[in-house]
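J.: Here you go, one structure.
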Amino acid sequence: MPITTTHYILLSAALFTIGVVGVMVRRNIIIIFMSIELILNAVNINLIAFSQQLQNGIGQVFAIFVIAVAAAEAAVGLGIILAFYRNKETVNIDEMNVMRS
Amino acid sequence: MAQAIAFYFIAACILGFAVLVVSTKDTVHSVLFLVLDFLFVAALYVLLGAEFLAAIQILVYAGGIVVLYLFVVMLVNLKRPPEAHSDPHRRTMLGFLLAGAVLVEVGAIAIYGFSQPAMVPVPGAAMPVTGNTAQIGWLLYTSYLIPFEIASMLLLVAMIGAIVLAKREL
Amino acid sequence: MKYIWLIPILPGLGAAINGLIGIRSFSRKTAGVVACTMMGAALALSLFAFWQLLGLPADARAYDVVIAQWIPSIPLMTQHGVGGFQVPWGFRLDPLSGMMILVVTGIGTLIHVYSTAYMADEPRGGVARFFCYLNLFCFFMLMLVLGNNFVVMFVGWEGVGLCSYLLIGYWYEKKSASDAGKKAFITNRIGDWGFILGVFLIYQMFGTLDFRAVQNAAATMPVESVHFGVLSFICLFLFIGATGKSAQIPLYVWLPDAMEGPTPVSALIHAATMVTAGVYMVGRNAVLFTHAPMVMQIVAIVGVLTAFMAASIGLVQYDIKRVLAYSTVSQLGYMFTAMGVGAFSAGAFHLMTHAFFKALLFLGSGSVIHAMAGEQDMRYMGGLRKYMPVTFATMFIGTLAIAGIPPLSGFFSKDEILFRAFESNKAIWVIAVATALMTAFYMFRLVSMTFLGAYRGPAWESAGAAHGAPDDHGGGHGHGAWHGPHESPTPMTFPLMALAVGAVVAGLFGIPAALNGPNTIEHFLEPSFTAESHIADRGMRIAESGGIAEAAAIRTPQSEVRNEEAEPHVSRSVELGLMGFSVLIALAGIGLARKFYVTSPEISQGLAEQWAGPHRLLSNKYYVDELYDATVISGTYAGGRGLWAFDRHVVDGAVNGAGWLTVISAWFSGLTDRTVVDGLVNLVGRIAQEGSYWFRRLQTGLVQTYALVMVFGVFAFVTIYLFVR
Amino acid sequence: MIDTLVIPLLKIVIVLNATLVAVTYMVLLERKVIAWAQSRLGPMRVGPYGILQPVADAIKLMIKEDITPVRADKWVFTAAPIISMVPALIVYAVIPFGPEVRLFGRQVTLYITDINVGLLFIVSVASVGVYGIILAGYASNSKYPLLASLRASAQLISYEVAVTLTLVSVIMMAGSLSMVSIVRAQESQRMWYAFAQPLAFAIFFIGGLAETNRAPFDMPEAEQELTGGFHTEYSGMRFALFFLAEYANMIVVSSVATTLFLGGWLRPFPNVAFLSFLDFVPSWTWFLLKSFFFLYVFIWIRATLPRYRYDQLMRLGWKVLIPLAIANLVVTGIVKVMLL
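Rendered as structure tokens:
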């Protein structure tokens with residue numbers, strides 16, 4: 015059977031879900047960030063699958079933008095993690111509740 | 004046929020490694036699984052005929068971002084296990100449920116909702132091998148020039164921000 | 076020739092470097108070297124470009140390059156419906172602009188070199204500033220001559236005005252200098268007003284501003300020989316601009332005062348290049364002007380009157396630079412006369428030769444001033460010949476050239492103009508010849524008073540400082556104790572010699588046909604003054620369809636320049652006679668000057684007392700400045716005072732009334748604010764306060780709770796999409 | 017079938033084995049050259065002039081005991097050498113050793129494949145090689161290797177930027193990313209890019225030294241400071257793998273430099289007509305000669321220059337090379353757009 019765009023959408027949906035689960039379940043914030051990267055990759059797979067189906071490069075251009083944003087996000091996020099770790103000696107997200115009421 | 008085999012193999016690897024990423028206890032190992040995952044995603048891009056994106060994927064993700072993660076993991080050498088303390092108000096099961104529901108719904112849409120219009124089969128590897136790099140470059144520098152510039156500005160800002168955050172004393 | 080846009084850019088670069096970095100941190104030497112290098116590079120590039128231009132076939136000697144779009148198409152009303160007003164950064168190299176860039180870069184480079192020595196005594200930052208301005212000037216001047224449409228030309232036009240303002244006011248601590256700068260600038264503005272009106276009119280008429288397009292369009296229009304039509308108005312406005320920029324009646328008054336600037340500036344801007352911009356512009360639009368004979372008449376008359384008037388003033392001035400300034404004005408008058416009588420190439424030719432010898436004379440006078448520690452009054456000079464031989468020799472050559480002694484350059488160009496004037500209008504010719512006589516006279520008066528006779532200047536050390544101090548133009552700074560007049564250093568004498576060579580040989584390009592000369596330059600420049608031939612022919616065809624009279628009307632301007640060697644209106648013998656006559660005139664002037672100021676100076680004194688009235692009139696420059704003061708300036712003041720009064724009473728009154736109204740209304744609004752608005756705000760606050768008791772529960776402080784809510788949102792939306800859609 | 021499967025497999029086998037042999041003999045070459053530079057003899061015992069030394073080394077390394085430190089991360093410890101070796105070998109897939117030749121009556125291309133993003137492929141695969149070093153340092157759970165690996169990876173990432181920028185200026189010149197067409201572009205423009213882009217060439221070479229951790233940038237294995245660097249804890253075949261990976265990387269860098277800047281398989285001065293008698297030499301020999309030249313220069317520099325200090329190294333990378341590379345890029349763009 016031929017591989018249609020549906021397959022790719024399903025794949026990216028599954029990947030997305032795994033990422034979401036990682037974001038919501040894990041307490042190690044680094045792993046949460048990695049799950050976010052997974053989610054972004056799911057998005058990219060979708061974009062490229064559609065650009066493949068529509069036979070134009072726009073989806074890939076957007077994928078490039080997504081990658082750029084992911085890079086920025088990783089840099090700033092990890093910077094924040096380091097700064098936080100320096101103060102509280104932990105990367106557990108459950109202990110990041112300085113502002114809870 | 005060969006394409007189907009390749010797709011299923013790659014997809015299986017992607018999902019499996021993704022699961023490993025979110026489930027492993029040792030942070031370093033999960034970073035490694037993340038790298039493998041990205042490599043296979045790149046392979047998927049090649050299958051989709053987007054070899055430029057594949058190269059970018061490896062270069063930026065595997066070569067750049069994940070190295071950053073690895074550094075952070077090494078710098079944050081944890082004396083006590085990172086997930087020791089757990090807040091009583093967590094709703095873990097609810098998270099699983101919601102995620103599963105979303106997956107089911109999206110799957111439903113993808114299969115039933117999406118395939119009403121006659122689907123053209125994606126000619127994966129049958130894509131002309133004469134590269135879409137030029138096409139992407141053209142799009143980037145003509146129609147998407149301003150977003151491109153904004154993205155570069157965003158990267159600059161992010162770089163400065165990361166330096167400011169991570170540097171102990173400025 | 077795609078690179079010709081680099082020619083202006085290079086000096087601009089130099090200006091940028093000197094201005095941004097140099098003023099703060101360059102030594103005098105570095106600043107000079109930077110500026111000279113840039114100009115040298117520009118010169119080399121222009122020579123190469125010119126050489127390539129010569130390589131082209133004679134009728135295709137034009138090259139346009141557009142480096143960028145400046146003003147994209149703006150819909151703008153024209154004569155024939157809405158046109159797209161769009162201006163490119165376009166540059167055009169054709170014979171005329173080729174000659175001009177050679178003149179500008181060549182003389183510019185020499186003068187840069189000269190300045191390195193002349194300004195050597197300035198404070199460090201000042202030198203960098205000076206070179207920055209000088210380079211900037213060259214940038215704008217090259218822009219002006221290379222631009223291929225009116226707007227780019229206008230950029231250069233304004234730019235050179237600005238630079239001349241900056242450079243005249245270079246010693247801005249001196250009130251006279253800064254005043255002279257302002258005067259020059261304002262006077263130029265008046266001219267620019269005319270120029271820009273002309274440009275508007277041109278766009279409105281032709282729907283384009285590209286020179287070539289405008290000329291081709293104009294070539295197909297009838298000559299306005301009887302009625303004073305649009306073309307005539309265009310030309311009139313353009314000519315007003317020209318009078319402002321190149322110091323013709325009535326706007327010439329700024330040029331003599333411009334001599335407050337450093338001498339190299341006077342040489343470069345106020346003799347060689349900028350003041351000729353007007354002539355260049357008229358030549359650039361030759362086709363338009365040939366279609367407006369009446370304006371041509373005006374141009375010729377104004378030109379020749381200016382020439383005469385300025386020369387007559389120059390007779391009695393004592394400030395060496397002012398004499399040269401008036402001489403410049405009168406030579407420019409010559410050029411305009413040439414333009415006016417339709418001898419465009421002759422005018423351009425005189426422009427070139429004049430650039431050489433006038434720059435030479437100015438630099439020479441600068442060298443003299445340098446030697447005399449800033450003394451400018453010729454009454455305190457004399458006998459300098461033995462102190463500064465090189466300056467004397469070169470300046471003597473220059474003087475012969477300007478007086479029109481064959482075979483020096485001035486002879487050919489001036490004689491060509493005189494001949495063409497004779498052809499067109501005897502009266503103009505008479506005045507021009509008289510001017511030639513006076514020219515020879517005052518130039519030799521200058522040379523005699525400066526170099527010949529006995530030394531009348533101050534004695535060495537003591538008096539020298541005393542005399543140098545009051546009207547010190549910077550030439551004499553830092554000499555410490557002044558050791559009497561001396562020859563200037565090599566960087567100053569070298570340009571003198573180079574220019575002297577130029578002044579000798581420049582004429583040989585234009586040996587007229589009457590002397591069996593090829594008259595190279597005329598044939599070379601001709602394409603720039605006529606529309607492209609096929610356009611002209613189309614004009615004829617239109618004419619033939621539209622009747623004989625119009626055909627004649629159209630054919631004449633095109634064929635004028637071409638026919639004119641074919642069957643000259645006057646026979647060759649007459650032309651030769653005229654040449655001889657003008658030579659005689661020049662010699663006569665020289666002789667008179669020699670008699671008055673060398674052999675028996677008392678005669679001049681006698682004449683001065685005998686003709687006291689005219690002498691006073693001349694030495695007061697026909698009281699033109701006073702006249703302007705009495706009319707224009709005081710008028711402006713009166714108008715200003717009137718406006719001030721209006722502003723004070725009417726406008727301010729209105730404003731104050733409005734203020735009162737505001738105060739009263741503000742009180743009411745304050746009332747409502749306190750009662751109504753604040754009430755609402757407090758109500759909202761109360762509601763929020765009450766409600767927050769319940770909403771606070773959601774805020775657990777767990778990031779992942781919020782993530783959970785987000786995913787729930789996703790879930791909700793997907794559900795909606797799934798069912799509701 | 018033959019064209020699609022057999023020949024590529026043959027090529028791969030040949031290239032891999034050739035590379036490994038070349039690597040082993042690189043070691044011998046290096047020892048010899050340095051010995052001569054220090055006026056010693058170098059290995060002389062095994063075989064005539066010690067040409068069998070590599071074999072001896074190989075045997076020794078294989079039969080040595082293979083120690084895994086206690087408290088080390090076993091899996092990662094094993095994976096690291098492989099991770100660092102594999103990318104170095106993958107890269108050979110796109111390096112063009114020569115143009116098409118006629119072999120046994122069929123057209124054979126002297127490169128395994130020519131993908132249209134070849135250069136990008138090389139850069140990205142090479143960037144994966146960093147993991148080997150980082151993980152080696154992390155997994156062996158001892159502080160010197162950790163420091164060394166952090167240093168090494170920082171150094172690699174820093175110099176990767178400069179090197180990639182120079183590559184971009186080369187791509188601008190050639191207008192393509194595929195290695196073969198870059199060589200062809202140099203042929204059609206009748207000029208080695210080493211002359212068109214001297215600055216890029218210099219930066220690439222320095223960056224290549226740093227990327228392969230060669231002297232004077234061999235911080236990561238600075239014996240004096242770090243007791244041997246990130247592979248301190250390794251021994252036996254795993255150590256050998258690191259060793260081989262480094263030399264394989266050297267060969268990669270020199271091949272890429274040859275392809276991009278010295279016109280790959282082209283004869284010297286392809287723009288000089290009267291040198292065309294050189295064409296009778298098979299083209300791949302030119303390639304090998306040029307690469308060998310680079311390798312020799314590597315060794316030569318190691319024998320000559322002292323080691324940089326770490327902060328000096330970083331300053332050189334960030335404050336000198338990258339700005340220069342960017343300037344070069346801008347100038348190239350301007351020249352290409354405005355004046356050509």
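Chains as they are written, first to last, in our numbering: chain A, 15 to 115; chain B, 4 to 173; chain C, 76 to 800; chain D, 17 to 356. Glycine included, each C-beta is placed from N, C-alpha and C at the ideal position.
(1) Using the beta-carbon count (16 or more within 10 Å), is K320 of chain C buried or exposed?
(2) For M371 of chain C versus F364 of chain C, is the C-beta spacing smaller than 8 Å?
(3) Check whether the Cβ atoms of G493 of chain C and A507 of chain C lie closer than 8 Å to each other.
(4) I'd like the list of long-range same chain contacts for G134 of chain D, defined as Cβ closer than 7 Å, with 5 residues on each side in sequence excluded.
(5) In the structure shown, what three-state DSSP assignment does Q144 of chain C receive?
(6) Considering L105 of chain D, what are the terminal residues of the alpha helix (DSSP H) in which it resides?
(7) Quick check: what's the CA-CA separation for L126 of chain D versus I18 of chain D?
(8) Is the CB of L278 of chain D under 8 Å away from at least one CB in chain B?
(9) Buried or exposed for F314 of chain D, please, with buried defined as at least 16 other CB atoms from any protein chain shown within 10 angstroms of its CB.
(10) Determine the chain C residues that contact A111 of chain B at a beta-carbon separation under 7 Å, and present them in chain order.
(11) Take every Cβ of the segment 477-494 of chain C, pair it with every Cβ of the segment 427-447 of chain C, and state whether three or more of those distances are shorter than 8 Å.
(12) List, in chain order, every chain B residue whose beta-carbon is nearer than 7 Å to that of F137 of chain D.
(13) With distances taken between CB atoms, is the gap from L50 of chain B to A65 of chain B smaller than 8 Å?
(14) Helix, strand or coil for S634 of chain C? Go by DSSP, reduced to three states.
(15) Can you tell me where the beta strand (DSSP E) with V707 of chain C in it begins and where it stops?
(16) Among the residues of its own chain, which have a CB less than 6 Å from the CB of A382 of chain C, if the five just before and after it don't count?
(17) Among C:S300, C:H302, C:T283 and C:R397, which residue has its Cα nearest to the Cα of V328 of chain C?
(18) Exposed or buried, which one is F792 of chain C when buried takes at least 16 other CB atoms within 10 Å?
(19) Between D:Y326, D:L68 and D:F259, which lies nearest to S174 of chain D when the distance is taken from Cα to Cα?
(20) Checking contacts by CB at 8 Å: is N101 of chain A closer than that to chain C?
(21) So if DSSP puts D700 of chain C in a beta bridge, which residue, or which two residues, is it bridged to?
(22) What residues from the segment 44-58 of chain A come within 8 Å of chain B, judged by C-beta to C-beta, listed N to C?
(23) Any beta-carbon of chain D closer than 8 Å to the one on F55 of chain B?
(24) Would you identify the three-state DSSP class for G156 of chain C, choosing helix, strand or coil?
(25) Should V75 of chain A and L142 of chain B be called a contact, given that it needs their Cβ atoms to be closer than 8 Å?
(26) In chain A, what lies closer than 8 Å to Q154 of chain C by C-beta?
(27) I'd like the list of long-range same chain contacts for I176 of chain C, defined as Cβ closer than 7 Å, with 5 residues on each side in sequence excluded.
(28) Examine chain B for any beta-carbon lying closer than 8 Å to the beta-carbon of Q144 of chain C, and answer yes or no.
(29) Select from D:W52, D:D73 and D:R56 the residue whose C-alpha is nearest the C-alpha of V62 of chain D.
(30) Inspect the beta-carbon positions of P86 of chain C and A117 of chain C and report whether they are closer than 8 Å.
(31) Drop a sphere of 10 angstroms on the beta-carbon of D234 of chain D, count the other beta-carbons inside from all chains shown, and report buried for 16 or more, exposed for fewer.
(32) Quick one: is Q764 of chain C near chain A, going by C-beta distance under 8 Å?
(33) Taking S499 of chain C and V416 of chain C to be in contact with their CB atoms under 8 Å, please state how far apart those CB atoms are, rounded to whole angstroms.
(34) Could you tell me which residues DSSP puts in a beta bridge with T125 of chain D?
(35) Report yes if the C-beta distance between E224 of chain D and A170 of chain D is below 8 Å; otherwise report no.
(36) Please list, in chain order, all residues of the same chain as W246 of chain C whose beta carbon is under 6 Å from its beta carbon, the five residues on each side excluded.
T.: Considering the structure as presented:
(1) Along the third sequence, read from residue 1 onward, the residue named residue 320 of chain C stands at position 245. It is buried - the Cβ of K320 of chain C has at least 16 other Cβ atoms within 10 Å.
(2) Along the third sequence, one-based indexing puts residue 371 of chain C at 296. Along the third sequence, one-based indexing puts residue 364 of chain C at 289. Yes, Cβ-Cβ distance for M371 of chain C and F364 of chain C is below 8 Å.
(3) Along the third sequence, one-based indexing puts residue 493 of chain C at 418. Along the third sequence, one-based indexing puts residue 507 of chain C at 432. One point to set straight first is that residue 493 of chain C is Leu, not Gly, in the sequence displayed. For L493 of chain C and A507 of chain C, yes; Cβs fall inside 8 Å.
(4) For the purposes of this step, residue 134 of chain D is taken as the residue at position 118 of the fourth sequence. The beta carbon of G134 of chain D sits closer than 7 Å to the beta carbons of V110, L193, S194 and M195 from its chain, once the five residues preceding and following it are set aside; these are given in chain order.
(5) Your numbering for residue 144 of chain C matches position 69 in the third sequence. DSSP places Q144 of chain C in strand when its eight states are reduced to three.
(6) Here the question's residue 105 of chain D lines up with position 89 in the fourth sequence. Residues K90 to I106.
(7) Indexing the fourth sequence from 1 puts residue 126 of chain D at position 110. Indexing the fourth sequence from 1 puts residue 18 of chain D at position 2. Approximately 16 Å, taken between the alpha carbons.
(8) Counted from its first residue, the fourth sequence places residue 278 of chain D at position 262. L278 of chain D does not count as touching chain B.
(9) In the fourth sequence, counting from the first residue as 1, residue 314 of chain D sits at position 298. With 16 or more other Cβ atoms within 10 Å, it is buried.
(10) One-based indexing of the second sequence puts residue 111 of chain B at position 108. Chain C residues near A111 of chain B: L797.
(11) Touching, yes, given that three or more Cβ pairs across the two stretches are closer than 8 Å.
(12) If you number the fourth sequence from 1, residue 137 of chain D lands on position 121. A58, listed in chain order.
(13) The residue given as residue 50 of chain B occupies position 47 in the second sequence. The residue given as residue 65 of chain B occupies position 62 in the second sequence. No, Cβ-Cβ distance for L50 of chain B and A65 of chain B is not below 8 Å.
(14) As a working note, residue 634 of chain C is residue 559 in the third sequence. Confidence in S634 of chain C is poor, its pLDDT being 43 and thus under 50, which makes the residue's placement too unreliable to answer from.
(15) Against the third sequence, residue 707 of chain C aligns to sequence position 632. DSSP places V707 of chain C in no beta strand (DSSP E); its state is neither H nor E.
(16) Your numbering for residue 382 of chain C matches position 307 in the third sequence. Cβ within range, chain order: S405, G408, Y409 and T510.
(17) For the purposes of this step, residue 328 of chain C is taken as the residue at position 253 of the third sequence. Of C:S300, C:H302, C:T283 and C:R397, the residue nearest in Cα terms is C:R397.
(18) Locating residue 792 of chain C in the third sequence gives position 717, where the first residue counts as 1. Exposed, since its Cβ has fewer than 16 Cβ neighbours within 10 Å.
(19) Taking the first residue of the fourth sequence as position 1, residue 174 of chain D is located at position 158. Ranking the options by Cα distance to S174 of chain D, first place goes to D:Y326.
(20) Locating residue 101 of chain A in the first sequence gives position 87, counting from the first residue. Chain C, which has no Cβ nearer than 8 Å to the Cβ of N101 of chain A, makes this no.
(21) Counted from its first residue, the third sequence places residue 700 of chain C at position 625. Secondary-structure assignment with DSSP links D700 of chain C through no beta bridge to anything.
(22) Taking 8 Å as the Cβ-Cβ cut-off against chain B, the residues of the segment 44-58 of chain A that qualify are I44, I45, F47, M48, S49, E51, L52, N55 and N58.
(23) As a first step, residue 55 of chain B must be located in the second sequence, where it is residue number 52. By this cut-off, F55 of chain B is an interface position.
(24) Position 81 of the third sequence, counted from the start, is the residue given in the question as residue 156 of chain C. Three-state result, G156 of chain C: strand.
(25) Mapped onto the first sequence, residue 75 of chain A falls at position 61. Mapped onto the second sequence, residue 142 of chain B falls at position 139. When the beta-carbon positions are compared, V75 of chain A and L142 of chain B come within less than 8 Å of each other.
(26) What you label residue 154 of chain C is simply residue 79 of the third sequence in a count that begins at 1. None at all; the shortest Cβ gap to chain A is about 46 Å.
(27) Position 101 of the third sequence holds residue 176 of chain C. Cβ within range, chain order: I82, S121, L217, V220 and L221.
(28) Your numbering for residue 144 of chain C matches position 69 in the third sequence. Not an interface residue.
(29) Walking along the fourth sequence from the start, residue 62 of chain D turns up at place 46. Checking every option, the nearest Cα to that of V62 of chain D belongs to D:D73.
(30) What you label residue 86 of chain C is simply residue 11 of the third sequence in a count that begins at 1. What you label residue 117 of chain C is simply residue 42 of the third sequence in a count that begins at 1. Against a cut-off of 8 Å, the Cβ pair of A117 of chain C and P86 of chain C comes out as a contact.
(31) One-based indexing of the fourth sequence puts residue 234 of chain D at position 218. With at least 16 other beta carbons inside 10 angstroms of its own, D234 of chain D counts as buried.
(32) Stepping through the third sequence from its first residue, residue 764 of chain C is reached at position 689. Chain A, which has no Cβ nearer than 8 Å to the Cβ of Q764 of chain C, makes this no.
(33) Here the question's residue 499 of chain C lines up with position 424 in the third sequence. Here the question's residue 416 of chain C lines up with position 341 in the third sequence. Right, the Cβ-Cβ distance comes to about 4 Å (below 8 Å), so this counts as a contact.
(34) Within the fourth sequence, residue 125 of chain D is the residue found at index 109, counting from 1. Looking at the DSSP output, T125 of chain D bridges to D:E116.
(35) If you number the fourth sequence from 1, residue 224 of chain D lands on position 208. If you number the fourth sequence from 1, residue 170 of chain D lands on position 154. Note on identity: in this sequence residue 224 of chain D is Gly, with Glu being the wrong assignment. No, these two residues do not count as a Cβ contact at 8 Å.
(36) Locating residue 246 of chain C in the third sequence gives position 171, where the first residue counts as 1. So the list reads A252, once near-sequence residues are dropped.
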